[in-house]
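In this note's numbering, the protein residues as written are 702 to 1419. Idealized CB from N, CA, C, for every residue including glycine. As the structure is a prediction and not an experimental result, all values here were calculated from the model. Worksheet: the structure to be examined is printed underneath.
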């Protein structure tokens, strides 16, 4: 059996012709058979993907073979659909085709231009007399052309693609057979042109897709689940460094490029995905043909038949190596940042411990002196100054830690009653020796409408004033530094106070003013060398004032001094009696005498704490390390254990944990020079009940003892 449809059609037609009784009809039947055979040949060329010029030349040659007395011409519309371009005209003079190439179509532009413009057949029997040829008749007649029959070439949507024309050398009207030939030629030309346009569109789309695949690093794939056959785009082959001849035709072809460590996981996922039991999304490594390992992300969509059974998957494969490397770098940077943060925290904790431990002994000894009634009034003033200075030194140490705590949002403000004139005077008293050494005057000024007793955080306010006045003294060589306080508004139990710290110093250059409140910033590079300082004071002051719902600013003229201003709202105490809020300089009495174990390795702190506790009326035993504290509790009953955290042999955390494991119910209070925010929680987690940061005031120690001795069990026992 001959599978060729052209041969079959020709054989059938020949058999029909041999059995025809009307011999007069045989020439026309043979002509029809010949035309049918030519049509099949043209269609085979179209189906075979032959170039469009070859198809058009074969088509015009076939029509001229059927009508040898005529000359064929195919003209195509340009992309703007305004001009006719040469398509095929094998028998027309080449010079004539060149002259009509690019002619603009119109309602009276010869036969072809009119047919394309009007989208209708245009029959011109005599070029010499037809008005539609008026502008072109001399050209046509010079080449011996007298008649032209033109038919529009249309696509399947009836849009004009060009024209098919038959020229005749004598003026004549086309016969029905000639007209049928022209229409057949136009129909076949329309099929060829539309098919080629579709192929061109597909090619352009494929080129765009290939360009997109290259730019974005991805490729398209399709899988037939039943046969496990795959179809992939050029993009995937490019990703794997493969040539078109190395296409991944089946799933097994893919598997050989999977990284050995990922094969089992991908195989398991593939079995689940092809049954619809797992999402079509997976990340894995593949080894390119050149041996380079790359990371890929596969995404797809399951295609199901009408019954819902998965039959195929369509999806994309994307190279995500750079993305994975970026995530890895980010993770490494995060780890490095966390290590740096831990190192910073450890450094600050160690520095805090080393500085606070001697400060605790210093301030504690001063407190003991203040408890000595034998001091003269003058000596008591000196000791008070020492005490304020020690507290100021403690606050300076805190500045270093405060900046980290403020940045982390871990600073909590107090709201207690305090006497503002006393606080201002304390600030000036602390700084008076420094001012006297430079011959400067310190002037306080508090407005008459300012409530003397306020509700707020006196320690933070003192810290800000100390920073500002210290800066004023530092940058002033002659003149004065003043503190002025005025009340801007007072209503509803609150007062908005304006604080101004003014100096007559060197001032601030305009170019340095913008970043003055930034951390570690000085007015110029010489400031640190001449005046010292870390540049943290103003940064901390601004953050503290903002925490207190206030605002800060300044004005300055180089050579004429500076004035720093800040406004802060404070509560107004119901009772404006200053005696109620002054810090008492005597040792508060306890409600009962306690047997206390003091675990402390510093001999100075042992002495100071023991004397303070004894003055409160308590009995004290001392243990020099955590192990000794555990042993002491085992041999003696205590009401309270005061536990230093950093000690030799066994630290306070381990000792507290050990005591809780042994069932100790006695309150344990941490006495530690570690004052970072997380240190309190660490103490509670170890089983301690309260936390006191060194240096420890008498009042805080008394309050802690009073609060925990009423407990029968630890707050955070292990």
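Quick check on residue i: buried or exposed, where buried means 16 or more other Cβ atoms within 10 Å of its Cβ?
| i | result |
| --- | --- |
| residue 818 | buried |
| residue 803 | exposed |
| residue 1082 | exposed |
| residue 885 | buried |
| residue 898 | exposed |
| residue 1164 | buried |
| residue 1358 | buried |
| residue 1121 | buried |
| residue 1005 | exposed |
| residue 789 | buried |
| residue 1159 | buried |
| residue 1175 | buried |
| residue 1040 | exposed |
| residue 1171 | buried |
| residue 1332 | exposed |
| residue 859 | exposed |
| residue 1368 | buried |
| residue 725 | Confidence in residue 725 is poor, its pLDDT being 38 and thus under 50, which makes the residue's placement unreliable; the coordinate value appears in the next sentence. Exposed: under 16 other Cβ atoms inside 10 Å. |
| residue 1044 | exposed |
| residue 1036 | exposed |
| residue 1142 | exposed |
In angstroms, rounded to a whole number, what distance separates the CA positions of residue i and residue j?
| i | j | result |
| --- | --- | --- |
| residue 1337 | residue 1303 | 22 Å |
| residue 1299 | residue 1048 | 27 Å |
| residue 1267 | residue 1149 | 19 Å |
| residue 1395 | residue 1306 | 10 Å |
| residue 1027 | residue 975 | 32 Å |
| residue 935 | residue 792 | 44 Å |
| residue 1276 | residue 1116 | 15 Å |
| residue 823 | residue 864 | 10 Å |
| residue 1430 | residue 1295 | Nothing about residue 1430 can be read from this structure; the chain reaches only from 702 to 1419. |
| residue 957 | residue 970 | 16 Å |
| residue 1032 | residue 1084 | 55 Å |
| residue 759 | residue 743 | 7 Å |
| residue 1282 | residue 1127 | Note that residue 1282 scores a pLDDT of 45, beneath 50, so its modelled location is shaky; the value from the coordinates is reported in the next line. Spanning the two alpha carbons is a distance of roughly 14 Å. |
| residue 941 | residue 990 | 6 Å |
| residue 931 | residue 795 | 51 Å |
| residue 967 | residue 983 | 8 Å |
| residue 1197 | residue 1125 | 17 Å |
| residue 752 | residue 893 | 10 Å |
| residue 1402 | residue 1311 | 12 Å |
| residue 939 | residue 1003 | 25 Å |
| residue 1078 | residue 1071 | 11 Å |
| residue 1118 | residue 1155 | 6 Å |
| residue 1147 | residue 1169 | 17 Å |
| residue 767 | residue 757 | 16 Å |
| residue 1246 | residue 1352 | 38 Å |
| residue 1200 | residue 1080 | 33 Å |
Should residue i and residue j be called a contact, given that it needs their Cβ atoms to be closer than 9 Å?
| i | j | result |
| --- | --- | --- |
| residue 1348 | residue 1327 | yes |
| residue 1406 | residue 1372 | no |
| residue 900 | residue 750 | yes |
| residue 761 | residue 747 | no |
| residue 1184 | residue 1153 | no |
| residue 1323 | residue 1066 | no |
| residue 1068 | residue 1248 | no |
| residue 1001 | residue 924 | yes |
| residue 963 | residue 995 | no |
| residue 1207 | residue 1140 | no |
| residue 1329 | residue 1350 | yes |
| residue 740 | residue 867 | no |
Identify which residue in the options has its Cα closest to the Cα of residue i.
| i | options | result |
| --- | --- | --- |
| residue 854 | 827, 847, 836 and 815 | 815 |
| residue 1241 | 1263, 1257 and 1217 | 1217 |
| residue 926 | 988, 939, 1010 and 967 | 1010 |
| residue 1087 | 797, 1134 and 841 | 1134 |
| residue 1166 | 1203, 1113, 1141 and 1155 | 1203 |
| residue 1273 | 779, 1195, 955 and 1125 | 1195 |
| residue 1023 | 953, 997, 1238 and 962 | 997 |
| residue 1173 | 1129, 839 and 1192 | 1129 |
| residue 850 | 833, 862, 840 and 860 | 833 |
| residue 778 | 808, 813 and 809 | 813 |
Any beta carbon of chain B sitting closer than 9 Å to that of residue i?
| i | result |
| --- | --- |
| residue 1383 | In the structure shown, chain B does not exist; there is a single protein chain. |
Flag residue i as yes when its Cβ comes closer than 8 Å to any non-hydrogen atom of the ligand FMN, and as no otherwise.
| i | result |
| --- | --- |
| residue 1005 | This structure simply doesn't include the ligand FMN, nor any ligand for that matter. |
*Can we say the stretch 776-786 touches the stretch 869-884, given the rule of at least three CB pairs closer than 8 Å?*
no
*Can at least three beta-carbon pairs, one atom from the stretch 1173-1180 and one from the stretch 1248-1259, be found at a separation below 8 Å?*
No contact exists between the stretch 1173-1180 and the stretch 1248-1259.
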